[in-house]
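To start, the structure itself, in structure tokens.
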Ligand SMILES: [Fe+2]
């Protein structure tokens, strides 16, 4: 097993303090219409002494920046208070529902639904509700309407007001498609048979279909007995396939075989005019052992799958061949045709999870990409040496602005200060000076996902 300490060092190193800071210094000018919070979740283990530490298993910590009326009002970072985390802080756990003994400080994403702020995780756990100021309210099972666990990744169809998720759990012989309405109640839960206990980290949504990724990373009881902290391994016996499940649950999934690969994340998907489904993914070619990491064989590229139900086939096209991850679109367009996509080049992540040699020169290891998928062009915004960048999130300039009319924001490490900045770019001036840079009082470890959550 490879050493795992690399996820406790350098840009991954956890922070030890919860910080509250007000009236943050800003370079540039925060757009007057940008009122809300940029929130981002990620693992932040309490200690550095776990020899089996896996990046996916650190206790969740949510970092947030509140922006209002052209001011950066506050920065906060807070651990998500699972029972264990609350006890470690000598606090009383707020209590609440727990699915199958899977209480965990949700560490993967943070979303808004029905006025709630929810930190989310997958694999059987429930979301944790947070207050506006990021304090833990407690576990959330959507008012008792969620039958099992939930998921880290969700897709909100803004027009329909439906929040979709795919829940998986090692003891199930199925995965579960869940729909949550804008009132925060589960309205639909459909079991989809799935052998071997696959890890389904992400999925995609079209106007009519859920796109399922059933790839060969599956639960392993041997990994548990070997003491691996994250028990999902590459399983060459598991046929890789993608599925189309009608969103309304009117029939079962149709499956289409694909070549062995791994996909953490989809950019977006849509129904085209010819009865096909188009889905863009960051694809790890060949095998990838999520439990061990550092075990990818091929490159990670942005690829387009076109699923043709009539022909029963999936065709594959390379969109962009640079290593990239954390693909995002303008969230208002999820499930409909997208023109633009944003992704992150993170040399530290590429090296740590795939041992990728492409990043021997650190000066070109930190970048954000803006893809124009209609023009077939990509703009690259490089950050400097040691200026580690995370996932970029799009915020529209107004609720009815056109796709790509808005801002792309991400936490970027500022090596001169030894702390992080929130960098806000104009999407349509991607390589120009940032619109604004908010200087945060602390370093933010590399983490996973977040959202711009506009005030309502
Ligand atoms: Fe993810």
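Numbering (the numbering used here), first residue to last: 811 to 1266. Built from N, CA and C at the ideal position, the CB exists for glycine as well. This one's a predicted model, so the numbers in the text were calculated from it and none came from an experiment.
Alpha-carbon to alpha-carbon, residue j and residue i
i	j	result
residue 1248	residue 1187	29 Å
residue 999	residue 984	12 Å
residue 916	residue 864	15 Å
residue 841	residue 875	14 Å
residue 1201	residue 1136	5 Å
residue 1195	residue 1043	33 Å
residue 1261	residue 921	6 Å
residue 1212	residue 1206	8 Å
residue 979	residue 935	9 Å
residue 1099	residue 1253	30 Å
residue 1144	residue 977	19 Å
residue 890	residue 872	7 Å
residue 1033	residue 1046	15 Å
residue 1048	residue 1109	21 Å
residue 1178	residue 1101	27 Å
residue 929	residue 885	17 Å
residue 986	residue 955	14 Å
residue 1191	residue 902	45 Å
residue 1148	residue 1180	12 Å
residue 988	residue 974	6 Å
residue 1015	residue 869	29 Å
residue 1123	residue 1094	20 Å
residue 862	residue 953	36 Å
residue 1244	residue 1250	16 Å
residue 1056	residue 1006	23 Å
residue 1079	residue 1118	13 Å
Residue i - containing alpha helix (DSSP H), residue span
i	result
residue 893	893-898
residue 1157	1157-1164
residue 1032	1031-1035
Residue i - DSSP class collapsed to helix/strand/coil
i	result
residue 1239	helix
residue 816	helix
residue 1010	coil
residue 1142	helix
residue 912	coil
residue 982	coil
residue 1168	helix
residue 960	coil
residue 866	helix
residue 1150	strand
residue 839	coil
residue 1248	strand
residue 1262	strand
residue 826	coil
residue 873	strand
residue 834	coil
residue 1201	coil
beta-carbon residue i near ligand 1 non-hydrogen atom, thresh 7 Å
i	result
residue 1090	no
residue 1160	no
residue 1012	yes
residue 918	yes
residue 1284	Residue 1284 lies beyond the residue range present for the chain, which begins at 811 and ends at 1266; the question has no answer from this structure.
residue 1074	yes
residue 963	yes
residue 909	no
residue 1258	yes
Continuous beta strand (DSSP E) stretch holding residue i: start and end
i	result
residue 950	Looking at the DSSP string, residue 950 is not in any beta strand (DSSP E), and its letter there is neither H nor E.
residue 919	919-923
residue 1123	1123-1130
residue 1216	1216-1224
residue 1184	Where residue 1184 is concerned, there is no enclosing beta strand (DSSP E), given that its DSSP letter is neither H nor E.
residue 940	938-940
residue 822	Counting along the chain, residue 822 falls outside any beta strand (DSSP E), and DSSP gives it neither H nor E.
residue 1175	Here residue 1175 belongs to no beta strand (DSSP E), and DSSP marks it neither H nor E.
residue 1051	1051-1056
residue 1047	Premise fails: residue 1047 is in no beta strand (DSSP E) and is neither H nor E.
residue 1019	1019-1024
residue 1072	1071-1081
residue 1115	1110-1118
residue 889	881-889
residue 1087	1087-1095
residue 1065	1064-1067
residue 1001	996-1003
Closer than 8 Å to chain D by CB, residue i
i	result
residue 1147	Any reference to chain D falls outside this structure, which holds one protein chain only.
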